[in-house]
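Each protein sequence line maps, in turn, to chains L and H.
Just so you know, the first sequence maps onto residues 0 to 80 in numbering that gives the first Met the number 0.
Just so you know, the second sequence maps onto residues 0 to 457 in numbering that gives the first Met the number 0.
Here's the structure, in C-alpha cells; my notes come after.
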Amino acid sequence: MSDAASTPSCRACAHFVGEALAFERELPGFNSLSSGFAAVRGDDGLCKQHQRFVSALSRCERFASRPAANPHARTGADGCG
Amino acid sequence: MTHARTPATGWRELIAKDDWWAIWIGLGLVAAAIVLFEFHSSLKWIAVAPQKWSTLADLGAQLGANAPRYLALFLLWSVLFGLATAALGIRIAHFLPAFLILFVLAGLIYLLGLWDQASRYNLEPPLVALLLGLIVSNATRLPAWFESALRVEFYVKTGIVLLGAGLPFVLIAWAGPVAMLQAAIVSLVTFGTIFFVALKLGLDKRLAATLGAGGAVCGVSGAIAVAGAVGAKKEHAPIAITLVILWAIVMIFVLPLLAKALGLATGVAGAWIGTSEFADAAGFAAAQTYSGYAGHDGIAGTPEAALQAFTLMKVIGRDVWIGVWALVLSIVAVTRWEKIDGPQQRAGAGEIWRRFPKFVLGFLLASAAVSLLAGGDSYDQYKKALTPEVVAPLQALRTWAFTLCFLSIGLTTRLRDLAAAGARPFYAFSAGVAINVVLGYMLSTLVFGDFWQKLGSP
Numbered sequence: 000m001s002d003a004a005s006t007p008s009c010r011a012c013a014h015f016v017g018e019a020l021a022f023e024r025e026l027p028g029f030n031s032l033s034s035g036f037a038a039v040r041g042d043d044g045l046c047k048q049h050q051r052f053v054s055a056l057s058r059c060e061r062f063a064s065r066p067a068a069n070p071h072a073r074t075g076a077d078g079c080g
Numbered sequence: 000m001t002h003a004r005t006p007a008t009g010w011r012e013l014i015a016k017d018d019w020w021a022i023w024i025g026l027g028l029v030a031a032a033i034v035l036f037e038f039h040s041s042l043k044w045i046a047v048a049p050q051k052w053s054t055l056a057d058l059g060a061q062l063g064a065n066a067p068r069y070l071a072l073f074l075l076w077s078v079l080f081g082l083a084t085a086a087l088g089i090r091i092a093h094f095l096p097a098f099l100i101l102f103v104l105a106g107l108i109y110l111l112g113l114w115d116q117a118s119r120y121n122l123e124p125p126l127v128a129l130l131l132g133l134i135v136s137n138a139t140r141l142p143a144w145f146e147s148a149l150r151v152e153f154y155v156k157t158g159i160v161l162l163g164a165g166l167p168f169v170l171i172a173w174a175g176p177v178a179m180l181q182a183a184i185v186s187l188v189t190f191g192t193i194f195f196v197a198l199k200l201g202l203d204k205r206l207a208a209t210l211g212a213g214g215a216v217c218g219v220s221g222a223i224a225v226a227g228a229v230g231a232k233k234e235h236a237p238i239a240i241t242l243v244i245l246w247a248i249v250m251i252f253v254l255p256l257l258a259k260a261l262g263l264a265t266g267v268a269g270a271w272i273g274t275s276e277f278a279d280a281a282g283f284a285a286a287q288t289y290s291g292y293a294g295h296d297g298i299a300g301t302p303e304a305a306l307q308a309f310t311l312m313k314v315i316g317r318d319v320w321i322g323v324w325a326l327v328l329s330i331v332a333v334t335r336w337e338k339i340d341g342p343q344q345r346a347g348a349g350e351i352w353r354r355f356p357k358f359v360l361g362f363l364l365a366s367a368a369v370s371l372l373a374g375g376d377s378y379d380q381y382k383k384a385l386t387p388e389v390v391a392p393l394q395a396l397r398t399w400a401f402t403l404c405f406l407s408i409g410l411t412t413r414l415r416d417l418a419a420a421g422a423r424p425f426y427a428f429s430a431g432v433a434i435n436v437v438l439g440y441m442l443s444t445l446v447f448g449d450f451w452q453k454l455g456s457p
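See the structure below:
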C-alpha cells in the first residue's frame, strides 16, 4: 500500500484491462455496435480490483506492477473470445 | 488478470484505433479516385457494383462477365482491411478466411437487393443482412476465428469517410448548424429523461449517466465513454449494452416503416432516424433501408438524402460531442457525487480531443477534397464529369463497407450473451426512447421539416 499520488498511473497496473481485444472480451455484446478500438473510449479500461471503469491516467493506492512481459506469450489478439 | 499490451498513447494511436484506420483507408481511396480522374481514368473497374437483374440467367451473365472485378475488389478489401486489422492486433490468419466468407455473403445480399422483385418482397439489403446475421449467430455457435472479421465499427467508419466524398462541403456548412441545433435539443432532453427517471426509480447516478449517454449521444460507445468518465461499476456497462442493442435493432425496423407509413421525404426521414437511432451502424442500416424507398409509394427525395441527413444529424450533430459530455459528467461525478472506492478520476479539457470520434475528420476531409476538385464547376458539370468517374465508384465501395457492417451487426448480436438489464433500467431507458422518437419526429417534420426536405430535392 502506498499514497495514491505517488503511484504510477493505472495504465501500468496489473489490475487494469485497457488493451482493446481484452476489453472487448470483458463485455459480451460490446462489439456488436461498438469497438474496443474506438477513439471515443479514450484511454479507459476496466479495473479488475475495483470492478470499475477507470481512465488509464487514474491512480490509486492499490497499484500493482505488472509482471515482466513474457516475450513468447500470445497477446490473445485474435479478435475472439 | 494481467496482460502485456497497454492502451494506445500519443502517435501510436494513429495505428492503434480503428477511427484512424478508417481515415487512412477511406481517404486513400478518395485520393486514388482523384488521382485517377486527373489522369483520365477511374476506380470504376475495381469498384464493381451489381446491376439490376430479373432472371437467374441475367444474374449468371452479369456475374460471369464481372468475375475478375469481384475478385480484384475482394483482394483490395482484403489487403486494406487485413493490413489494418493486423496492425490492431487481430490475427491475419483468422481474419482472411473469415473475411472471404463475409465478403461472399455481403455480395449475395447486395445482389439480392438488386433483383427487380426485391422491393415487392421487402428484401432491403440492410434488413436482409441484419436478419440473416441474427438468425445465424443465434441458431448456431460461430467459430471463434470467424469473429475476427466481424468489425462492425471499423466497416461503418470506413463507409462514413467514403460517404463524405459524395457530400459537397457547402452542404455540410449549410446543414451542419441546423443538425447540431436539432441534435442538441434532442440529446439534452433524452439524456435528462433517462437520467431523472433512473434516479426516480432508485438507480445509481453512475448507471443513470451511462444509460443516458447510451440513449442520447452515441449508443454503446457513448455509454462506455461516460462509464469511464464517471467511474461506473463494471456491471453498469452490460445493462447499457443490452438496452442499446435491443432498442437499436427494434428501431432499424420500426423507424423506416413508420417514416414510410407517414410518407416522409428521404431527407426528413434521414434526419429523424439520425435523431432517434442510438448507434451509427444501426442508424445507417435504417437510413439505407429508407433510401431504397425513394421514388416508390410516393416517397419524395433522392436516395442519397436519407444517408446524408442521417450522417449530418447523427455524426455531426451528436457523435462529435461525446468528449464534451464525458468531460462535463466527469467533473460533476468528481465534484458533486459521492466518492467511489477506487482510482481517482482526472478530468481535463484534453478529454474532448481524446474521445473525439476521429473518423469524422476523414469524412470532412473527403468532402473537402472532392469539393475542391469540383472547384467552380456548375452542378450539371459536377453530375456529368465527377459523379460517374469519382463519386459513383466511391459510393459503390461505401455500399460494400456498409453491407459488411450490417451483416456483422447481426452476426455479433447473440441474445444469449446479453446481460439481463432488469426492469428499472429498462423503464428508464425506454422513457428516453419514447421522448426521443416523438421529439425527433416533431423537430424533423414540423420545426425543421422544410430544411430537411430541401436537402433531398433532386
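Every residue, glycine too, gets a C-beta built ideally from N, C-alpha and C.
Predicted model, so just to flag it, every value in this text is computed and none were measured.
Rounded C-alpha distance that separates residue i from residue j
i, j, result
"H:A293", "H:A260", "13 Å"
"H:L168", "H:V267", "Reading off the sequence, residue 168 of chain H comes out as Phe, not Leu. Approximately 20 Å between the Cα atoms of the pair."
"H:S366", "H:T192", "35 Å"
"H:D340", "L:A19", "25 Å"
"H:V29", "H:L393", "7 Å"
"H:V135", "H:K453", "41 Å"
"H:V243", "H:R415", "15 Å"
"H:I171", "H:L72", "30 Å"
"H:L13", "H:P237", "29 Å"
"L:C12", "H:L161", "39 Å"
"H:A207", "H:G322", "18 Å"
"L:V53", "H:A178", "32 Å"
"H:V319", "H:Q61", "42 Å"
"H:L442", "H:F277", "17 Å"
"H:L42", "H:L110", "20 Å"
"H:G201", "H:A430", "15 Å"
"H:K382", "L:F22", "46 Å"
"H:P142", "H:A128", "19 Å"
"H:I24", "H:N137", "32 Å"
"H:G449", "H:A264", "The identity of residue 449 of chain H in the sequence shown is Asp, whereas the question assumes Gly. Straight-line Cα distance between these residues: approximately 10 Å."
"H:K204", "L:S57", "20 Å"
"H:T402", "H:P125", "7 Å"
Residue nearest to residue i in terms of C-alpha spacing, selected from the options
i, options, result
"H:P424", "H:S77, H:H235, H:G81", "H:H235"
"L:F36", "H:S220, H:H93, H:L198, H:L104", "H:S220"
"H:S290", "H:A373, H:T301, H:G421", "H:T301"
"H:D18", "H:I159, H:R68, H:L107", "H:I159"
"L:R61", "H:G165, H:P342, H:W10", "H:P342"
"H:G163", "H:L79, H:L206, H:T310", "H:T310"
"H:L95", "H:S147, H:G63, H:A332, H:F405", "H:S147"
"H:W144", "H:A247, H:I33, H:I100", "H:I100"
"H:L360", "L:K47, L:H49, L:A38", "L:A38"
"H:Q48", "H:A97, H:G112, H:Q116", "According to the sequence displayed, residue 48 of chain H carries Ala and not Gln. Looking at the Cα atoms, H:G112 is the closest of the given residues."
Where residue i meets chain L, residues with beta-carbon distance less than 9 Å
i, result
"H:I408", "S31, L32"
"H:P237", "L26, P27, G28, F29"
"H:F240", "Correcting the residue type first, residue 240 of chain H is Ile in the shown sequence and not Phe. What H:I240 touches in chain L: L26, P27, G28, F29, S31, L32, S33."
"H:V432", "Within chain L, no residue comes near H:V432; the closest Cβ sits about 15 Å away, beyond 9 Å."
"H:F355", "A38, V39"
"H:R150", "N30, S34, F36, G78"
"H:S275", "Near H:S275 there are no residues of chain L at all, since even the closest Cβ is about 15 Å away, more than 9 Å."
"H:G516", "Outside the displayed range of chain H (0 to 457) lies residue 516 of chain H, so it cannot be described from this structure."
Where residue i meets chain L, residues with beta-carbon distance less than 8 Å
i, result
"H:K16", "F36, A37, A38"
"H:C404", "Within chain L, no residue comes near H:C404; the closest Cβ sits about 10 Å away, beyond 8 Å."
"H:T139", "Going along chain L, no residue has its Cβ under 8 Å from H:T139, so there is no contact; the nearest lies around 15 Å."
"H:F153", "S34, F36"
"H:V243", "L32"
First through last residue of the beta strand (DSSP E) which encompasses residue i
i, result
"H:C217", "Note, H:C217: premise wrong, no beta strand (DSSP E); not H, not E."
"L:V53", "51–53"
"H:G211", "Segment 204–212 is the alpha helix (DSSP H) holding H:G211; no beta strand (DSSP E) there."
"L:G44", "44–46"
Beta-carbon neighbours of residue i, restricted to chain H and to distances below 9 Å
i, result
"L:S5", "Per Cβ cutoff of 9 Å: no residues; L:S5 is ~13 Å from chain H at best."
Buried or exposed by the 16-neighbour rule on C-beta atoms within 10 Å, applied to residue i
i, result
"H:D296", "exposed"
"H:G218", "buried"
"H:W460", "Nothing can be reported for residue 460 of chain H: it is not among the residues displayed for chain H, which extend from 0 to 457."
"H:L74", "exposed"
"H:F80", "buried"
"H:T411", "buried"
"H:H39", "exposed"
Terminal residues of the alpha helix (DSSP H) in which residue i lies
i, result
"L:C59", "From DSSP, L:C59 is part of no alpha helix (DSSP H); its letter is neither H nor E."
"H:I134", "124–138"
"L:R24", "19–25"
"H:H93", "91–112"
"H:C404", "391–411"
Contact list for residue i against chain L, beta-carbon separation under 7 Å
i, result
"H:T192", "Within chain L, no residue comes near H:T192; the closest Cβ sits about 21 Å away, beyond 7 Å."
"H:V219", "F29, L32, S33"
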